[in-house]
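**Q**
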Amino acid sequence: MHETTPDGRVTLEPVYCLGLCACGPAAQVDGRPIGRATAETIAEAVG
1 MHETTPDGRV TLEPVYCLGL CACGPAAQVD GRPIGRATAE TIAEAVG
C-alpha cells in the first residue's frame with residue numbers, strides 16, 4: 001500500500017470506509033466507487 005506505479009497513473013492507498021461493505025471488495029477510481037471489484041473491473045476503470 002501507499003505505492004504508485006512508475007508512470008504515476010495509479011496509487012494504492014488504504015481507506016477506512018467507502019460505504020460499500022455489502023459490495024466488497026470495494027475500490028475507488030477517480031472518485032467513482034466500484035463494488036465487487038476485481039482486477040478486471042479496476043483495470044477497465046483505470047483505462
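Heads up: the sequence shown is residues 1 to 47, going by UniProt numbering. Don't be surprised by glycine CBs; every beta carbon is placed ideally from N, CA and C. Just so we're clear, the structure is a prediction, and the values are computed from it rather than from any experiment.
How is the beta strand (DSSP E) around residue 46 delimited, first residue to last?
**A** Run containing residue 46: none in the beta strand (DSSP E); it sits in the alpha helix (DSSP H), 39–46.
**Q** Going straight from the alpha carbon of residue 38 to that of residue 46, what length do you get?
**A** Using only the alpha carbons, I get a separation of about 12 Å.
**Q** Taking buried to mean at least 16 other C-beta atoms within 10 Å of its own C-beta, is residue 43 buried or exposed?
**A** Classification of residue 43: exposed, given that the 10 Å Cβ count is below 16.
**Q** Between residue 13 and residue 3, what straight-line distance do the alpha-carbon atoms span, to the nearest angstrom?
**A** One C-alpha to the other measures close to 7 Å.
**Q** Please go through the same chain and pick out, in chain order, the residues whose beta-carbon is closer than 6 Å to the beta-carbon of residue 23, but skip the five residues on each side of it.
**A** These residues qualify, in order along the chain: 35, 36.
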